[in-house]
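Chains E and X, in that order, are what the protein sequence lines are. Here full-length UniProt numbering is used: the first residue of the first sequence is 1, the next is one more, and so on. Here full-length UniProt numbering is used: the first residue of the second sequence is 1, the next is one more, and so on. No residue lacks a Cβ here, since even glycine has one placed at the ideal position from N, Cα and C. Scroll down for the structure; my scribbles are underneath it.
Number of protein chains: 2
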Amino acid sequence: MSTSASSSPQAGSRPGGRSARVRAAVHRAVQELVADETSEPLTIPVVAARAGVHATTVYRRWGTVGELLADVATSRFSGDIVVPDTGSLRGDLERYASSLAKDLGDPDTLALVRATLGSGGEQGAAACRGERRQQIEAILERERCRGGEPPTPEQTTDALIAPLYYRAVFTDEPLSPEWTRGLVSHLLGD
Amino acid sequence: MSTSASSSPQAGSRPGGRSARVRAAVHRAVQELVADETSEPLTIPVVAARAGVHATTVYRRWGTVGELLADVATSRFSGDIVVPDTGSLRGDLERYASSLAKDLGDPDTLALVRATLGSGGEQGAAACRGERRQQIEAILERERCRGGEPPTPEQTTDALIAPLYYRAVFTDEPLSPEWTRGLVSHLLGD
């Protein structure tokens, strides 16, 4: 029996199985409820009812609303932006910033970010930050391979990622293409 | 009777009156509950119980948890930072950024920002942004009066306010004095 068990360690949670269907339904329910501003406060029974699953299933798997939101945000922001390769640092940063602006400019995404920050603590904040740091490092590393001398990841985060998140989350100003390109220009010292 | 009424239009809500005491107790309860990460989800009955007032009083005055959080955040961030006058733009911006870093670096303040973003929608976001824009404009205007040519409010927000908020809210990196001074240097083109 132990041989059989070790040959299928994922039994019960294989892709397409019941476990994956529950996860998909619960994630979808969270995204719908968060996007609907008029809805009641997000609780596990409310999510379970919308997803058509037992509340105990949701409690057992995620524990709290904060952990559930962090899980949904992690899925949402993992691999959401492909690191571009346009042939120049400026081109890569402009393409990347434009994708991030589009992402954060979506009202449903913004609602998910705010809700996750509100209930998910440090774990939720990390989920909303996603893979920005790794993506920026990949862009800067590619420039170094071209023989260029790019800014540091910290400078790039401060000058590009931070204004995009701040404007999206804290203000009602648009993340316009001109403004986004201006951030790249300022970072590159134009 | 109408003369008497118009001579005391604030009757029932004068400073130090019952209304002010209720407001102070409810605000304090919200701040304590938000700071206590282990507590149950924030609801109006939970806040009312902690504040020692009737839930109906809280519902009547604030309506929803989101509006209540936005009100607490507005109080917290109104006039929280005095616009400095050190004699130079660099000095003023460094002093201002240092005050904001200290403010946002406080765990209880951060918990209030995240909770308010989570429940307060656009109104909550505006409350957390506080008077940053006006404060920055006052600093830049003072420099113009000195005959200087300061950056624009938008550039200053992107280069100074945004990284401080992003680092505080989305990362676990410290808002160190060296890093904060570096933001000012980069903005001023050193």
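- Counting along the chain, the unbroken alpha helix (DSSP H) around Arg76 of chain X starts and ends at 65-77.
- Taken atom to atom, the span from the alpha-carbon of Arg18 of chain X to that of Leu112 of chain X is near 25 Å.
- In the same chain as Gly118 of chain E, and ignoring 5 residues on each side of it, no C-beta atom comes closer than 6 Å to its own.
- Any Cβ of chain X closer than 9 Å to the Cβ of Thr157 of chain E would place that residue at the interface, and such an atom is present.
- For the pair Pro41 of chain E and Val34 of chain X, the Cα-to-Cα distance works out to about 16 Å.
- Close partners of Val169 of chain X in chain E (Cβ separation under 7 Å): Leu117, Ala125.
- Taking a Cβ-Cβ cut-off of 7 Å, the neighbours of Asp172 of chain X in chain E comprise Glu122, given in sequence order.
- Chain order gives no chain X residues near Arg181 of chain E, where near means a beta carbon separation below 9 Å; the closest approach is about 13 Å.
- Where Ser119 of chain X is concerned, the enclosing alpha helix (DSSP H) starts and stops at 107-129.
- Contact between Tyr166 of chain E and Tyr59 of chain X is absent: CB atoms are separated by about 33 Å, not below the 8 Å threshold.
- For Glu154 of chain E, a Cβ of chain X is located within less than 9 Å of the residue's own Cβ.
- In terms of Cβ geometry, Ala70 of chain E and Thr116 of chain E form a close pair [threshold 9 Å].
- 9 Å or more divides the Cβ of Arg61 of chain E from the Cβ of Val30 of chain E.
- Between Pro84 of chain E and Ile139 of chain E, the C-beta gap is smaller than 9 Å, which places the two residues in contact.
- At a C-beta separation below 8 Å, Glu37 of chain X has these neighbours in chain E: Gly121.
- Scanning chain E for C-beta atoms nearer than 9 Å to the C-beta of Ala55 of chain X yields nothing, as the closest lies near 15 Å away.
- When the alpha-carbon of Arg76 of chain X is set against those of X:Glu154, X:Arg50, X:Cys128, the nearest one is in X:Cys128.
- Contact annotation: Gly148 of chain E and Gly66 of chain E have beta-carbon atoms that are not nearer than 9 Å.
- In the structure shown, Gly182 of chain X falls within a helical segment according to DSSP collapsed to helix, strand and coil.
- Residues are counted here when their Cβ sits less than 8 Å from a Cβ of chain X; for the region 43-67 of chain E these are Thr43, Val65, given in chain order.
- For Arg21 of chain E, the enclosing alpha helix (DSSP H) covers residues 18-35.
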